[in-house]
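Asks: Supplied in structure tokens, the structure appears directly below.
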Amino acid sequence: MKFYHQAIQQISGELGTALRSAPDALAKQVLEIRLRANWPPVLTLREKPFLLEKPILTQQQLQHLLEVLCGYSIYSWQESICKGFITLDGGHRVGIGGKAVMQQDQIIGVHPITSLNIRIARDIPQQFSPIVKDMVLNGQDGLVVAGAPASGKTTFLKQAISILSNAQQRVCIVDERCELAAGKLPIHCDLVQNCSKAEGLMWAIRGLAPQVIVCDEIGAEQDAQAVCMAANAGARLIVSVHAINQKQLLKRPTCKKVLDTGAFSTAIFLDKGSKVGQVKEVVEL
2 MKFYHQAIQQ ISGELGTALR SAPDALAKQV LEIRLRANWP PVLTLREKPF
52 LLEKPILTQQ QLQHLLEVLC GYSIYSWQES ICKGFITLDG GHRVGIGGKA
102 VMQQDQIIGV HPITSLNIRI ARDIPQQFSP IVKDMVLNGQ DGLVVAGAPA
152 SGKTTFLKQA ISILSNAQQR VCIVDERCEL AAGKLPIHCD LVQNCSKAEG
202 LMWAIRGLAP QVIVCDEIGA EQDAQAVCMA ANAGARLIVS VHAINQKQLL
252 KRPTCKKVLD TGAFSTAIFL DKGSKVGQVK EVVEL
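Numbered according to our numbering, the sequence shown spans residues 2 to 286.
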């Protein structure tokens, strides 16, 4: 419940009142708050969406809300906005829907804003099984954490970071979306943040000499290329990808390119069930 209220703390007015009026039992279940022009808010729950009765939001209200969430300094967030999201304190991601403003084939803004999706980040410690904990701590090769959206990949990685640091392994988090490193970092952990994964991975290798690099959501071609370079530099990698099973993992070109480096020996698939971060299957690659 506290994570839900942390995510909405900057929202005021009728929308803020409506969101804060959610019963505690409901607030605990909320995964996302979806705000769309000309519709009332929708709360995404694990089982089914929950529609609030009011307020009916306008594009102007969504634009104003984005400015509020950016601390009334929307230009300082422009690069992130052009990628389709901003990240709030606590690691809550706000996805942005709307019309891209283009200049010479580059996105330079979004106007009008037609939807915002506030994704609730939860710091929920997971009890890894002895087998999974041993894979995280003692694996000689890299580890791929795979699952559907909202299956708990980021939650899993946060717990892995804590376990590695407690074992006095030097960890570097490459955190493009500012979600993995919310709050106080473990003592044996360095952070590269607010840059692309490709840039961050090279930054980590060049200057921080990590034993393990942890990186969330490898998806783009340049991400895969950077992972390949980092793997050749000697650091062990723990990365997450979107894939619900081994067949889908091997089918996606960027995933296949990452696996073809030979740097990863194991994939852990998470179950999008009632418990976030639950391990469904472990596959040797």
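Every residue gets a Cβ at the ideal spot worked out from N, C-alpha and C, and that includes glycine.
Values in this document were obtained by computation on a predicted structure and should not be read as measured data.
Which residues in the same chain have their Cβ closer than 6 Å to the Cβ of Arg123, if we skip the five residues on either side of it in sequence?
Replies: Counted from its first residue, the sequence shown places residue 123 at position 122. So the qualifying residues of the chain are Phe4.
Asks: Please classify Arg37: does DSSP put it in a helix, a strand, or coil?
Replies: Working through the sequence shown from its first residue, we reach residue 37 at position 36. Residue state, collapsed to three classes: strand.
Asks: Please report the residue range of the alpha helix (DSSP H) in which Cys196 lies.
Replies: Position 195 of the sequence shown, counted from the first residue, corresponds to residue 196. Element bounds for Cys196: n/a, residue is neither H nor E.
Asks: Rounded to whole angstroms, what is the Cα-Cα separation between Pro254 and Phe265?
Replies: As a first step, residue 254 must be located in the sequence shown, where it is residue number 253. As a first step, residue 265 must be located in the sequence shown, where it is residue number 264. Looking at the two C-alpha atoms, the distance is approximately 16 Å.
Asks: Helix, strand or coil for Arg123, going by three-state DSSP, please let me know.
Replies: Position 122 of the sequence shown, counting from 1, holds the residue named residue 123. Here Arg123 sits in coil by DSSP.
Asks: Where DSSP assigns a beta bridge to Phe86, which residues make up the other side?
Replies: For the purposes of this step, residue 86 is identified with residue 85 of the sequence shown, where counting begins at 1. Gly96.
Asks: How many angstroms separate the CA atom of Val102 from the CA atom of Cys83?
Replies: On the sequence shown, residue 102 is found 101 positions in, with the first residue counted as 1. On the sequence shown, residue 83 is found 82 positions in, with the first residue counted as 1. So the alpha carbons of these two residues sit roughly 9 Å apart.
Asks: Take Leu16 as the anchor and find which of Glu54, Val31, Gln30 has the nearest alpha-carbon.
Replies: Position 15 of the sequence shown holds residue 16. The shortest Cα separation from Leu16 among Glu54, Val31, Gln30 belongs to Glu54.
Asks: Within the continuous beta strand (DSSP E) that includes Phe265, where are the two ends?
Replies: Counting from one through the sequence shown, the residue named residue 265 turns up at place 264. Here the beta strand (DSSP E) through Phe265 covers 265-272.
Asks: Identify whether Asp135 lies in helix, strand or coil by the three-state DSSP scheme.
Replies: Residue 135 sits at position 134 when you count from the first residue of the sequence shown. Reduced to three states, the DSSP call for Asp135 is helix.
Asks: Is the beta carbon of Asp272 less than 8 Å from the beta carbon of Ser241?
Replies: By 1-based counting over the sequence shown, the position of residue 272 is 271. By 1-based counting over the sequence shown, the position of residue 241 is 240. Cβ atoms of Asp272 and Ser241: not closer than 8 Å.
Asks: Can you tell me which of the three DSSP states Glu285 falls into?
Replies: For the purposes of this step, residue 285 is identified with residue 284 of the sequence shown, where counting begins at 1. Glu285: strand per DSSP, three-state reduction.
Asks: For the beta strand (DSSP E) that Asp176 lies in, which residues bound it at each end?
Replies: As a position in the sequence shown, residue 176 is number 175, starting the count at 1. Asp176 -> beta strand (DSSP E) spans 172-176.
Asks: Lys134 and Ile162: beta carbons closer than 8 Å?
Replies: As a position in the sequence shown, residue 134 is number 133, starting the count at 1. As a position in the sequence shown, residue 162 is number 161, starting the count at 1. Result no, Cβ atoms of Lys134 and Ile162 do not sit closer than 8 Å.
Asks: Asp90: buried (16+ other C-beta within 10 angstroms of its C-beta) or exposed?
Replies: By 1-based counting over the sequence shown, the position of residue 90 is 89. By the neighbour-count rule (16 or more Cβ atoms within 10 Å), Asp90 is not buried but exposed.
Asks: Considering Cα atoms alone, identify which of Cys190, Thr156, Ser166 is closest to Glu180.
Replies: By 1-based counting over the sequence shown, the position of residue 180 is 179. Of all alpha-carbon atoms in Cys190, Thr156, Ser166, the one lying nearest the alpha-carbon of Glu180 is that of Thr156.
Asks: Sorted by chain position, which residues of the same chain lie with C-beta nearer than 8 Å to Ile121's C-beta, five sequence neighbours on each side aside?
Replies: Residue mapping note: residue 121 aligns to position 120 of the sequence shown, counting from 1. Taken in chain order, the residues that qualify are Phe4, Tyr5, Ala8, Val31, Leu32, Glu33, Ile34, His93.
Asks: First and last residue of the beta strand (DSSP E) that includes Phe51?
Replies: Your numbering for residue 51 matches position 50 in the sequence shown. Taken as a continuous stretch (DSSP letters only), the beta strand (DSSP E) holding Phe51 covers 50-52.
Asks: Evaluate Phe182 with the Cβ neighbour count: other Cβ atoms within 10 Å of its Cβ, from every protein chain shown; 16 or more gives buried, anything less gives exposed.
Replies: Walking along the sequence shown from the start, residue 182 turns up at place 181. The sequence shown places Ala at residue 182, not Phe. By the 10 Å Cβ count, Ala182 comes out buried.
Asks: Roughly how many angstroms separate the alpha carbons of Ala227 and Lys258, rounded to a whole number?
Replies: Counted from its first residue, the sequence shown places residue 227 at position 226. Counted from its first residue, the sequence shown places residue 258 at position 257. In a straight line, the C-alpha of Ala227 is about 11 Å away from that of Lys258.
Asks: Can you tell which of Arg178, Ala268, Met2, Gln11 has the C-alpha that lies nearest to the C-alpha of Gly96?
Replies: Along the sequence shown, one-based indexing puts residue 96 at 95. The candidate whose alpha carbon is nearest that of Gly96 is Arg178.
Asks: On the three-state DSSP scale, how would you describe Thr45?
Replies: Position 44 of the sequence shown, counted from the start, is the residue given in the question as residue 45. Strand at Thr45.
Asks: Is it a yes or a no for the segment 142-157 touching the segment 231-250, going by three-plus beta-carbon pairs under 8 Å?
Replies: yes
Asks: Name the DSSP beta bridge partners of Ser152, please?
Replies: Within the sequence shown, residue 152 is the residue found at index 151, counting from 1. Beta-bridge pairing links Ser152 to no other residue.
Asks: Whole angstroms is fine: what's the gap from Leu251's alpha carbon to Gly85's?
Replies: Translated into the one-based positions of the sequence shown, residue 251 becomes position 250. Translated into the one-based positions of the sequence shown, residue 85 becomes position 84. Going by the C-alpha atoms only, they are around 27 Å apart.
Asks: Identify the residues that DSSP records as bridge partners of Val259: which are they?
Replies: Residue numbering aside, residue 259 sits at position 258 when the sequence shown is read from its first letter. For Val259, which the question treats as bridged, DSSP gives no partner whatsoever.
Asks: Please tell me whether Val172 and Val193 are closer than 8 Å, where the distance is taken between their beta carbons.
Replies: Taking the first residue of the sequence shown as 1, we reach residue 172 at position 171. Taking the first residue of the sequence shown as 1, we reach residue 193 at position 192. In this structure, Val193 does not lie closer than 8 Å to Val172 by Cβ.
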